[in-house]
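Below is one structure, written out as C-alpha cells, with a few remarks after it.
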Amino acid sequence: MAKIKYIEHNGKEHVIEVQNGLTVMEGAIQNDISGIDADCGGSMSCATCHVYVKEDWYNKLPKKEMGEDDMLDQAYEPNSNSRLSCQISVSDDLDGLIVHMPEKQV
Amino acid sequence: MIKTDVVIIGAGPTGLFCAHQLGIIGLKCEIVDNLDKIGGQCIELYPDKPIYDIPALPKCTGEELTNNLIEQIKPFNFNFHLNDRVQELKNEDENWIVKTTNGKEFHTPNVVIAGGVGSFEPRKFPTKSAEKFDGTSVLYSIKDKTIFKDKYVAIFGGGDSALDWAIELSNTSKVSLIHRRNEFRGAPASVQKIKELSEKNIINLFTKYSIKDVKGNGSLEEVEIKSEEGESKILKADYVLGFFGLIMQLGPIAEWGLNLDKKTIPVNTENFETNKKGIFAIGDICNYPGKLKLILSGFHEGALAARGCFKYARPNEKYRFEFTTASNTIKDRLGVK
C-alpha cells in the first residue's frame with residue numbers, strides 16, 4: 000500500500016491509498032480523479048495517462064521500459080520528467096509519491 | 000442519398016461483428032470510419048500485438064482478428080465508407096438522417112455507434128499561435144508535397160512519419176527536424192539516414208527541443224523552438240509539420256444529444272439502445288453496470304443491438320431466432336449450401 004498524491008494542473012490535490020500491484024494510473028481511475036484519461040486501458044498504446052514526476056521521485060521509480068518513451072513522444076507537452084502512469088507499478092516503496100498531471104491529456 | 004437499415008459508426012471489431020449479425024438476420028448496413036483502413040484500434044494501435052482473450056482463439060494479433068472479421072462478413076457485401084466521419088445526426092419521421100464530413104447522406108431507422116474511444120485524429124501542437132495557421136502552413140499530414148519545393152520546412156516528431164518526410168523533403172526543401180529527445184522511434188535505417196543528412200548539413204537537426212511559438216504576418220515566417228532548460232532558437236519556416244501520432248477524440252458524437260458519462264454513452268443491456276430511439280452504442284464507447292472493455296463483450300453487444308435494429312427496420316415483421324447451423328435462410332444469406 001502506498002499513499003500517492005495526485006496533483007491536477009489547476010493545483011487540486013488528491014491523496015489516495017493505492018494497493019500494491021495496481022498502477023498509478025489505476026489508482027487514479029478507480030478513484031475518479033480527473034486529469035488522467037487512460038484511453039487504451041493500460042496497454043501502453045496511447046499517451047493519455049501522462050504525468051510529471053519531479054526528480055527526487057523520478058529517480059526512485061523503476062526505469063522506463065522499451066516503448067514508453069516512444070509513446071511519450073505522442074503525449075501532450077512531454078518533458079524529461081514525463082512518465083506514463085500505467086507503467087508505474089505501486090509498491091510500499093512508492094509511499095509518498097507525488098505525480099503532477101499535465102494541462103490536458105489530448 | 001443512401002437508404003439503409005443500419006449505419007454503423009466505427010469499423011473496429013465490434014462494428015464488424017455487429018455488421019455480421021445484421022447480415023445474418025437479413026438487414027443491410029453501411030459502415031463509416033474515420034481511418035483509411037478497416038480494423039479500428041486493433042489495426043491502428045496494436046496490429047502486431049497478440050490478443051489472448053478472444054474465445055476459441057488462443058492467440059491472435061489485431062491484424063489477424065481484423066482480417067478474419069472482414070472475411071466473415073464478405074458474403075454480405077456491405078459498403079465501407081473509410082476516411083470519412085459522421086458529422087451530424089438528425090431525426091426526421093422515425094428516421095435518422097446521417098451526414099458525413101465528405102458530404103454523404105444516409106437515411107436509416109438505426110444508427111449503431113461502435114466508435115471505441117472516439118475517432119483517431121492527429122495530435123496537434125499545444126501552442127495557441129499554431130491554430131491560426133492550421134491547414135495552411137501548419138500541417139499534420141501531407142497531401143501535395145510539391146508545395147514545399149524550395150521552401151523552409153520545420154518538421155516536428157521522432158517517428159517514421161517525421162523521419163520519412165524529413166528525408167523525402169530534404170531533396171527539394173530546406174528542412175529542419177526537431178525532436179524532444181536524442182532517441183528516435185523510427186526505423187533504424189531512417190535514423191541513420193537522418194544522421195548522415197545532418198552531418199552533411201542537408202538537414203538541420205535539433206534534438207531536445209520542442210515548439211514554443213509560430214510567428215508571421217499573414218503567412219508563416221518563423222518558428223521558435225525551446226529546450227527544456229529554457230533556451231530558445233528561431234528558425235525560418237514557411238511550413239511547420241507536426242507528426243505526433245494519432246489521438247482519440249470523441250468528436251461530433253458529443254453533439255448528438257446523447258446522455259454522456261465522461262467519454263462513454265450509457266445504454267440498456269437488453270439491446271444496447273441509448274436514450275435516443277434507434278441509436279445504439281456498443282463496444283468500448285458504451286457504458287452499463289458491469290461493463291467490461293473486452294472485444295468479446297463488444298461482440299455480444301453487437302449481436303443484441305442487431306436484434307434491436309430489426310424492430311425498427313422491419314416494423315411489420317416478427318423477428319425469429321435461428322441458428323446458423325440449421326437455418327436455410329441464413330445459409331442462403333451466407334451463400335453456403
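Sequence order for the protein chains is L and G. Per numbering that gives the first Met the number 0, the very first residue in the first sequence carries number 0; after that it's consecutive. Per numbering that gives the first Met the number 0, the very first residue in the second sequence carries number 0; after that it's consecutive. Ideal Cβ positions, reconstructed from N, Cα and C, are used throughout, including at glycine. Every value quoted in this text rests on a predicted model; they were computed, and no experiment measured them.
Straight across, the Cα-Cα distance linking Ile294 (chain G) with Tyr51 (chain L) is about 32 Å. Per DSSP, the continuous alpha helix (DSSP H) segment holding Trp164 (chain G) begins and ends at 159-168. Any Cβ of chain L closer than 8 Å to the Cβ of Gly244 (chain G) would place that residue at the interface, and such an atom is present. Spanning the alpha carbons of Ala305 (chain G) and Ser172 (chain G) requires a straight line of approximately 53 Å. A distance below 8 Å separates the beta carbons of Thr268 (chain G) and Tyr287 (chain G). CA-CA distance, Asn66 (chain G) to Leu21 (chain L), rounds to 34 Å.
With respect to Pro12 (chain G), Leu64 (chain G) sits close: the two C-beta atoms are nearer than 8 Å. Interface criterion not met: the Cβ of Asn30 (chain L) is under 8 Å from no Cβ in chain G. Taking C-beta separations shorter than 8 Å and ignoring five residues to either side along the sequence, the partners of Lys330 (chain G) in its chain run Thr323, Lys336, following chain order. Chain L has no Cβ within less than 8 Å of the Cβ of Arg84 (chain G). For the region 0-31 of chain L, the set of positions with a beta-carbon nearer than 8 Å to some beta-carbon of chain G is empty.
Taking 8 Å as the CB threshold, Lys292 (chain G) lines the interface with chain L. Short of 8 Å from the beta carbon of Gly41 (chain L), and not among the five residues preceding or following it, lie these beta carbons of its own chain, in chain order: Thr22, Met24, Glu25, Cys48, Cys85. Under the DSSP assignment, Arg313 (chain G) falls outside any alpha helix (DSSP H); it carries neither an H nor an E label. For Pro49 (chain G), DSSP records a beta bridge to G:Thr60.
In the DSSP assignment, Leu88 (chain G) falls outside any alpha helix (DSSP H) and within the unbroken beta strand (DSSP E) covering 85-91. Per DSSP, the continuous beta strand (DSSP E) segment holding Glu16 (chain L) begins and ends at 12-17. Assigned with DSSP and collapsed to three states, Gln248 (chain G) falls in strand. Residue pairing by DSSP puts Trp95 (chain G) in a beta bridge opposite G:Asn90, G:Thr107. Interface criterion met: the Cβ of Pro77 (chain L) is under 8 Å from a Cβ in chain G.
When the beta-carbon positions are compared, Gly256 (chain G) and Lys235 (chain G) stay at least 8 Å from each other. Against chain G, the beta carbon of Val105 (chain L) has neighbours under 8 Å at Arg122, Ile246, Met247, Gln248, listed in chain order.
For Val89 (chain L), no beta strand (DSSP E) segment is defined, and its DSSP state is neither H nor E.
Excluding its 5 nearest sequence neighbours in each direction, Ser140 (chain G) has C-beta neighbours in its own chain below 8 Å: Pro121, listed in chain order. Per DSSP, the continuous alpha helix (DSSP H) segment holding Pro187 (chain G) begins and ends at 187-198. Here Arg319 (chain G) is exposed. Its C-beta has fewer than 16 other C-beta atoms within 10 Å.
In this structure, G:Ile210 is the residue among G:Phe16, G:Ile210, G:Asp35 with its C-alpha nearest to the C-alpha of Ser128 (chain G).
In the three-state scheme derived from DSSP, where H, G and I count as helix and E and B as strand, Ile329 (chain G) is classed as helix.
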